[in-house]
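Remarks on the structure that follows.
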Amino acid sequence: MSQGPVLFLSARVGEGHRTAADAVRMRLAARGMRGEVVDSYRYAASLFSKVVSDGYIGMVRTIPQVYGFIYDRAERATAAGGFRVWASEFTARNLRGLMERLRPSAVVCTHAFPCGVMAAYKRLYDPSLPVMGIVTDFVVHPFWIYKNVDAYAVATPEIRAALVGRGIEPERIGVDGIPVDPRFGELPEDRGALREQLGLPRDATVALVMGGGLGLGPVAATVRALARTALPERGRAAPVIPVVIVGKNKRLERRLAEEARRDGADVRVLGFVENVFDWMHAADVLVTKPGGLTTSEALAARVPLVLLRPLPGQEERNSRYLVSRGAALRARGGGDLMRVVDAVLTGERVAERLRENAAALAHPDAAERIAARIAALAHAAVSA
């Protein structure tokens with residue numbers, strides 16, 4: 082078996098899948114193992130790639146209910162459809178050149194699509210190639226599950242039970258968590274000093290707003306609502322300072338900055354930032370849509386979570402799981418948002434309970450645990 086790099090196959094539908102891959106790749110690098118992250122859609126049929134990636138983003142922006150219907154229907158399917166089998170095998174054939182060039186020691190999939198592709202690749206070409214799937218949500222869709230995938234890293238015992246129920250041997254499944262940068266779990270000793278470094282007042286009430294790497298969700302309306310809020314503090318009104326991270330959505334970034342200037346509101350508008358962990362550590366509350374990576378980062382950072390308007394499908398299920406475990410609160414719409422945020426900011430016990438339950442679910446060491454399992458997989462394959 083080759084001693085080449087570990088190949089990470091991601092997918093360009095948001096930033097989370099790439100972020101998870103990078104977190105594990107960095108931990109492998111610390112072990113002296115090289116990793117390479119590749120977008121699996123580059124090797125899919127061009128029409129399929131465009132329809133799936135662009136279609137997904139467009140659908141969740143404009144008609145999320147349709148995406149939810151498709152997700153639910155696929156979840157109930159008992160066997161892979163012919164089109165999905167064809168797409169996986171077509172992509173597997175296209176990957177052969179990359180595989181021959183890299184000769185990877187293991188392949189790691191951070192999205193369900195490449196997981197299916199690699200199951201096809203092992204079946205068609207190389208059954209001995211070690212493959213791991215890293216499930217990046219708090220639920221698992223059947224599109225992730227293949228009996229010839231060698232290992233899985235999952236977030237919860239419930240996902241592990243679901244995989245076992247579909248025929249995956251228990252010893253192949255690690256409840257490792259969703260991999261995040263370990264710096265999310267390194268809580269600052271002096272939050273006031275951190276706020277000063279970020280240009281925030283030491284004693285401010287800071288509400289962080291995120292819409293994922295694509296800046297999806299009702300971000301603008303959320304920021305406007307927060308900017309109008311004031312909290313009673315020592316007999317005076319202490320305004321909430323909204324900090325919004327819009328990722329790569331330049332249009333939204335310009336719109337929010339213009340609105341803040343026009344209204345004279347103290348709103349900090351950020352695009353794509355490398356130090357999200359600092360902003361989470363500095364915040365009193367995080368308002369976000371419940372993507373698997375963002376919420377896992379928040380759990381590690383112990384920032385109280387308020388979830389707003391999840392997309393149908395995996396985000397809806399993420400929201401249900403986190404709320405059921407007491408690690409997040411859900412706002413049922415714009416009108417409910419301020420009531421929930423106010424409960425977190427003014428009720429010390431509410432915020433403390435959210436932090437305690439977040440700590441019970443958090444896996445700030447997930448990337449290291451998963452890297453160790455990948456290294457063991459690759460070593461076993463070489464020794465075989």
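Quick note, the sequence shown lines up with residues 82 to 465 if you use the numbering used here. Note that beta-carbon positions come from the ideal geometry of N, C-alpha and C, so glycine has one too. In this text, all values refer to a predicted model and were calculated from it rather than measured experimentally.
Ala173 is the residue among Leu289, Ala173 and Glu340 whose C-alpha sits nearest the C-alpha of Ser121. Residue pairing by DSSP places Met213 opposite Val189 and Ala232 in a beta bridge. Secondary structure in the region 309-392: the beta strand (DSSP E) runs of 3 residues or longer, each lying completely within the stretch, are 311-314, 317-326, 349-351, 366-369 and 386-389 in chain order. Pairing Tyr206 with Pro282, the inter-Cα distance amounts to about 59 angstroms. Spatial neighbours of Val387 in its own chain (CB-CB distance under 8 angstroms, excluding positions within 5 residues in sequence) are listed in chain order as Val366, Leu367, Val368, Thr369, Ala409, Leu410, Arg411, Ala412, Leu418, Val421, Val422 and Val425. Annotated as distal: Val105 and Ala382, with beta-carbon spacing of 8 angstroms or more. Put simply, the backbone Cα of Ala274 is about 28 angstroms away from that of Arg108. Setting aside the 5 residues that flank it on each side, Arg247 is surrounded in the same chain by Ile226, each with a C-beta closer than 6 angstroms to its C-beta; the list follows chain order.
The secondary-structure analysis by DSSP pairs Thr286 across a beta bridge with Val321. A Cβ-Cβ distance of about 6 angstroms is found for the pair Leu88 and Leu183, placing them in contact under the 8 angstroms criterion. Rounded to the nearest angstrom, the gap between the Cα atoms of Glu397 and Pro391 is 5 angstroms.
Setting aside the 5 residues that flank it on each side, Asp257 is surrounded in the same chain by Ala234, Ala447, Arg450 and Ile451, each with a C-beta closer than 6 angstroms to its C-beta; the list follows chain order. Looking only at Gly292, Glu181, His362 and Val350, the smallest Cα-Cα distance to Glu277 is reached by His362.
Rounded to the nearest angstrom, the Cβ distance from Val324 to Leu289 is 5 angstroms, consistent with a contact under 8 angstroms. Remark: C-beta atoms of Leu307 and Val321 approach each other more closely than 8 angstroms. Distance check between Ala285 and each of Leu333, Glu340, Arg349 and Val119 places Arg349 closest, using alpha-carbon atoms only. Taking C-beta separations shorter than 6 angstroms and ignoring five residues to either side along the sequence, the partners of Tyr124 in its chain run Thr172, Asn175 and Leu176, following chain order. Looking at Gly416, Ile249 and Arg115, the one whose alpha-carbon comes closest to that of Val188 is Arg115. Linking Arg335 to Lys329 through their CA atoms gives a straight-line distance of about 11 angstroms. Shortest Cα-Cα distance from Arg401 to any of Glu270, Ala346 and Gly373 involves Gly373. With respect to the 8 angstroms criterion, Thr237 and Phe219 are classified as neighbours on the basis of their beta carbons. Around the Cβ of Lys331, a 10 Å sphere holds fewer than 16 other Cβ atoms; the residue is exposed. Beta-bridge partners assigned by DSSP to Arg411: Leu388. According to DSSP, Met291 shares a beta bridge with Ile326 and Thr369.
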